[in-house]
Amino acid sequence: MTQKLQPTWDLDVIFPGQSDSEALRQFVNELSEEIETVTESVNNLEANGFGEDWEHVLKQIELITKKLREMGAFISCLSAQDVTDKQADIYVAKRAQIAAAHSALTKIVDQKLGAVTEANWDLLLEREAIKPLQFILTERRERAREQLSKNEEILIGDLAIDGYHAWNQMYETIVGNMKIDIEEDGKVQQYSVGQAANKLSTPDREQREYVYRRISDAWKANEDLFGQTLNHLAGFRLQTYKHYGWDKVLKEPLAKNRMKEETLNTMWGAIEKHKSLFADYLHQKASLLNLDKLSIFDVNAPIQSKMEKKSYDEGAAFIVEQFRGFSPQMADFAQMAFEKRWIEAEDRAGKRPGGFCTSFPLSEQTRIFMTYSGTPSNIATLAHELGHGYHQYVMNDMNGLNQGYAMNVAETASTFAEMIVADASVKMAATDEEKLTLLEDKVSRSVAFFMNIHARFLFEKQFYEERKQGMVSTERLNELMVEAQKEAYCGSLSEYDPHFWASKLHFHITGVPFYNFPYTFGYLFSQGIYTYAKDYKGDFEAKYTALLRDTGRMTVEELAEKHLQVDLSKPEFWENAIEICKQDVQEFLELAKKVEK
Numbered sequence: 001m002t003q004k005l006q007p008t009w010d011l012d013v014i015f016p017g018q019s020d021s022e023a024l025r026q027f028v029n030e031l032s033e034e035i036e037t038v039t040e041s042v043n044n045l046e047a048n049g050f051g052e053d054w055e056h057v058l059k060q061i062e063l064i065t066k067k068l069r070e071m072g073a074f075i076s077c078l079s080a081q082d083v084t085d086k087q088a089d090i091y092v093a094k095r096a097q098i099a100a101a102h103s104a105l106t107k108i109v110d111q112k113l114g115a116v117t118e119a120n121w122d123l124l125l126e127r128e129a130i131k132p133l134q135f136i137l138t139e140r141r142e143r144a145r146e147q148l149s150k151n152e153e154i155l156i157g158d159l160a161i162d163g164y165h166a167w168n169q170m171y172e173t174i175v176g177n178m179k180i181d182i183e184e185d186g187k188v189q190q191y192s193v194g195q196a197a198n199k200l201s202t203p204d205r206e207q208r209e210y211v212y213r214r215i216s217d218a219w220k221a222n223e224d225l226f227g228q229t230l231n232h233l234a235g236f237r238l239q240t241y242k243h244y245g246w247d248k249v250l251k252e253p254l255a256k257n258r259m260k261e262e263t264l265n266t267m268w269g270a271i272e273k274h275k276s277l278f279a280d281y282l283h284q285k286a287s288l289l290n291l292d293k294l295s296i297f298d299v300n301a302p303i304q305s306k307m308e309k310k311s312y313d314e315g316a317a318f319i320v321e322q323f324r325g326f327s328p329q330m331a332d333f334a335q336m337a338f339e340k341r342w343i344e345a346e347d348r349a350g351k352r353p354g355g356f357c358t359s360f361p362l363s364e365q366t367r368i369f370m371t372y373s374g375t376p377s378n379i380a381t382l383a384h385e386l387g388h389g390y391h392q393y394v395m396n397d398m399n400g401l402n403q404g405y406a407m408n409v410a411e412t413a414s415t416f417a418e419m420i421v422a423d424a425s426v427k428m429a430a431t432d433e434e435k436l437t438l439l440e441d442k443v444s445r446s447v448a449f450f451m452n453i454h455a456r457f458l459f460e461k462q463f464y465e466e467r468k469q470g471m472v473s474t475e476r477l478n479e480l481m482v483e484a485q486k487e488a489y490c491g492s493l494s495e496y497d498p499h500f501w502a503s504k505l506h507f508h509i510t511g512v513p514f515y516n517f518p519y520t521f522g523y524l525f526s527q528g529i530y531t532y533a534k535d536y537k538g539d540f541e542a543k544y545t546a547l548l549r550d551t552g553r554m555t556v557e558e559l560a561e562k563h564l565q566v567d568l569s570k571p572e573f574w575e576n577a578i579e580i581c582k583q584d585v586q587e588f589l590e591l592a593k594k595v596e597k
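Quick note on numbering: the sequence shown equals residues 1 to 597 in UniProt numbering.
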């Protein structure tokens, strides 16, 4: 990369004109009409009709699914880049309406699939055009047998627009309008939540605590509103489960992630078995910062007072270089993403907090959103999101219905990419002090997945159990959050964050319930793949690509068995993956003692 990179994305190549785009308006209207037309033809489809009829319908469904993702991705970009864009808000609401219509169509198709006789089903799956869709169609057919009647399913979807999904939109609106007042150099500056959160990485503890208190005050001021959004969102979800006859809140998230509860329990069990070493890391970090114990706002604090920052161009060049050592194709993808301006990284007001990657299956492009300030953590986040983008990139030529991979395996490619960069940074350290800092940053990610994410999981499980009995007060939500954090962090902190349930978007997302444990799964699964890659003597790039391409047409257990020859329901795989993380901790502890002397 020779030219200076621009840290803002180019959306006009998708739909020119941003939220005022006439092409977008026309696309949205046409998609809405297409869904109506296809719904009518599906209603007239005989479940045991000719195979040609099913082939035609499935082609239509694939195209509509791609168009829905194209539209949804663009609207997500609009609403993220400028939280004050009122036209984008209108499109967000329109997207929910179209998604509900698409969901209704999907349920009708699934019920038609469920009505096909066993004899005809076997014949249908033998057709050359349908054979590649065997996994996804069988999955949908089985789920259809748990559904309510067609009209009841459509009614739930319609009510969700201004009920279930509306609470998520309300949350995002409130957060988008929040402003954090921070005094700097004798002047009070206003920052968005995302900008203020970036200031928590300062090495100045007094300033870090000040910023944390200011952010906490903002969440506390709005806690009653967030308590409403969370309670009503969960209430809608639980009421739906009740009508399905589901008594376990994990049934839906496990099904969506195509994994067994046995696998999930085995993973958490292995993590809990080895947590004490990560608590030792937290205590050692406290010592390096001259503290008895870390507070919650110290967990991600830098251990050095002086942080080396990389410009956007430097960070990009470093990522591409490290990717190339593992996969030239992944490096080429990253370089293309930077040069074609697929990334929105500018540090400016008005952006929503956090980061994400979204893909445009029709345009075969990706867009990445984050706020870049040059820290090692920023570079890791950028690599993480590029991993997501690469995952979609290798699937672009596949049938759209086979591109629907679950969140847990989606997090595999991203955390794998993140590890490549983090590992390289540690190995290239020039001094013990620099190596210690980079090791700390690397270990902190393990802590995030084993402790922070675990706290989210524990909180959400308990919250849903209590929500079954009625509304949960904000006071109780705060208590549940602190209890979960104390357990997850092994009581190793001096102070916890009672409003974390309010500040974390993931608790309020409606698309994916229990938006937590898939991160930890993806992290450890990618650790296993990373070790496999370093020891593999053949063409790893081809092996890795084959694994990613199968993520939308297998359960996670099948995926691991086929490509890694491991059983995820047994502790061995998880123990081995955690061992890699423990080696980083042990190296950190030894080096920290050496540096402290």
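For each residue, glycine too, the CB sits at the ideal point set by N, CA and C.
Helix, strand or coil at residue i according to DSSP, with G and I counted as helix
i: residue 594; result: helix
i: residue 357; result: strand
i: residue 60; result: helix
i: residue 181; result: strand
i: residue 154; result: helix
i: residue 190; result: strand
i: residue 365; result: strand
i: residue 344; result: strand
i: residue 311; result: coil
i: residue 227; result: helix
i: residue 499; result: coil
i: residue 509; result: coil
i: residue 468; result: coil
i: residue 109; result: helix
i: residue 203; result: coil
i: residue 141; result: helix
i: residue 302; result: coil
Opposing strand residues paired with residue i [DSSP bridges]
i: residue 296; result: None; residue 296 has no bridge partner.
i: residue 493; result: 294
Nearest residue (CA-CA) to residue i, options the options
i: residue 348; options: 197, 27, 40, 154; result: 197
i: residue 169; options: 184, 128, 230; result: 230
i: residue 129; options: 222, 72, 56, 471; result: 56
i: residue 531; options: 249, 228, 423, 488; result: 423
i: residue 259; options: 552, 579, 578, 596; result: 552
i: residue 184; options: 206, 28, 242; result: 206
i: residue 375; options: 434, 309, 346; result: 309
i: residue 241; options: 481, 94, 575, 156; result: 156
i: residue 512; options: 234, 65, 35; result: 234
i: residue 476; options: 487, 489, 462; result: 462
i: residue 501; options: 432, 290, 223, 210; result: 223
i: residue 419; options: 550, 434, 439, 402; result: 439
i: residue 162; options: 232, 316, 314, 460; result: 232
i: residue 387; options: 195, 483, 39, 416; result: 416
i: residue 256; options: 404, 200, 311, 506; result: 404
Beta-carbon proximity list for residue i, same chain, < 6 Å, skipping 5 on both sides
i: residue 277; result: 582, 585
i: residue 571; result: 266, 270
i: residue 527; result: 577, 580
i: residue 69; result: 361
Own chain partners of residue i with C-beta closer than 8 Å, once the 5 adjacent residues on each side are dropped
i: residue 565; result: none
i: residue 84; result: 176, 350
i: residue 102; result: 35, 64, 65, 68
i: residue 337; result: 343, 366, 368, 386, 389
Beta-carbon contacts of residue i that lie in its chain and below 7 Å, excluding the five residues immediately before and after
i: residue 442; result: 422, 426, 584
i: residue 47; result: 112, 115, 116
i: residue 342; result: 9, 365, 366, 367, 368
i: residue 486; result: 496
i: residue 435; result: 426, 429, 591
i: residue 459; result: 480, 481, 484, 501
*Say whether the stretch 211 to 227 touches the stretch 517 to 530, bearing in mind that this needs 3 or more beta-carbon pairs closer than 8 Å, one atom from each stretch.*
No, because fewer than three Cβ pairs between the stretch 211 to 227 and the stretch 517 to 530 fall closer than 8 Å, the two stretches do not touch.
*Give a yes or no on contact between the stretch 70 to 90 and the stretch 358 to 377, applying the rule of three or more CB pairs nearer than 8 Å.*
yes
*asked:* Could you check whether the stretch 169 to 182 touches the stretch 126 to 142, counting it as contact only if at least three pairs of C-beta atoms, one from each stretch, sit closer than 8 Å?
replied: no
*Is the stretch 502 to 522 touching the stretch 400 to 417, taking contact as three or more C-beta pairs under 8 Å?*
yes
_Contact between the stretch 35 to 52 and the stretch 17 to 27 (3+ Cβ pairs under 8 Å)_ = no
*Check whether the stretch 239 to 257 touches the stretch 385 to 402, counting contact only when three or more Cβ pairs, one atom from each stretch, lie closer than 8 Å.*
no
*How about the stretch 25 to 44 and the stretch 91 to 98: do they share at least three Cβ pairs that are nearer than 8 Å?*
yes
*asked:* Does the stretch 554 to 563 come into contact with the stretch 476 to 494, if we say contact requires no fewer than three beta-carbon pairs (one atom in each stretch) closer than 8 Å?
replied: no
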